[in-house]
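Under the numbering used here, the letters of the sequence shown match residues 84 to 288, in that order.
Yeah, the Cβ is synthetic: ideal placement off N, Cα and C, and Gly gets one too.
Below is one structure, written out as structure tokens; the observations come after it.
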Amino acid sequence: MSQQHPLIVFLLLIVMGACLALLAVFFALRLEVEDHVAFLITVPTALAIFFAIFVLVCIESVFKKLLRLFSLVIWICLVAMGYLFMCFGGTVSPWDQVSFFLFIIFVVYTMLPFNMRDAIIASVLTSSSHTIVLSVCLSATPGTKEHLVWQILANVIIFICGNLAGAYHKHLMELALQQTYQDTCNCIKSRIKLEFEKRQQTEEE
């Protein structure tokens, strides 16, 4: 719990800062509100949700009870923002938002307190949904289908590598936590044994 808490707090600070930066850029460029209604609905809503979770995370009892729910909501908000940028950002390209969805995959494995099974499920859903939606959007636009297949395949390879790297990192972290727990247990057992031996010696004297 002590390691998960600062990670999720740091993640919330990052995504809230990103949302504020996006809104600042939008108003600084003086874009038309009518043309970006989805943006002005999704980003402030996600910002409000992230801020609410940030406040609740600071309450330890709530954090322990709703840890999994918080992780799920953060993941859903990030995916929704990714689709917003992809579908409402103008012309859709084969590499559209690949980097952002790869960021989501790494966040799931490294910063959100999912177990290995849930992290794999969330990451596979993230990458596969992006591939399917992007394939549907690009197939509806005129272009060479042969090039489209290779471009989508490149995205799939990137997502596979991201999932493998993230899963490997999470596996190493879990092994390190298990080793730390085992060392702590051994240290406690050694102290108890030493105290027991000292008591026996004092009783014999």
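Minimum Cα-Cα distance from Phe168 among the listed residues Ser212, Asn198 and Phe183 corresponds to Phe183. DSSP places Phe168 in the uninterrupted alpha helix (DSSP H) bounded by Leu150 to Cys170. For Leu155, the closest of Leu217, Thr285 and Pro196 by C-alpha to C-alpha distance is Pro196. When Cβ pairs closer than 8 Å are counted between the two stretches, the segment 207 to 214 is seen not to touch the segment 263 to 273, the count staying below three.
Secondary structure of Cys244 (DSSP, three-state): helix.
Counting the other Cβ atoms within 10 Å of the Cβ of Ala129 gives 16 or more, which makes it buried. Straight through space, the alpha carbons of Val120 and Val162 are spaced by roughly 18 Å. Between Ile157 and Val98, the CB-CB gap stays under 9 Å.
Going by C-alpha positions, Leu221 is about 45 Å away from Ile142. For the set His230, Val138 and Ile215, the Cα lying nearest the Cα of Phe153 is the one of Val138.
Using a 10 angstroms sphere on the CB of Cys102, the tally of other CB atoms reaches 16 or more, which defines it as buried. Going by beta carbons, Ile188 and Gly249 fall inside the 9 Å limit. Looking at the backbone, the Cα of Phe122 and that of Ser206 are separated by about 24 Å. From the listed residues Thr224, Tyr192, Gln284 and Ile235, the smallest Cα separation to Glu257 is found for Tyr192.
In the DSSP annotation of this structure, the continuous segment of the alpha helix (DSSP H) that includes Val219 starts and ends at Met199 to Ser222. The straight-line gap separating the alpha-carbon atoms of Cys244 and Ile235 is approximately 14 Å.
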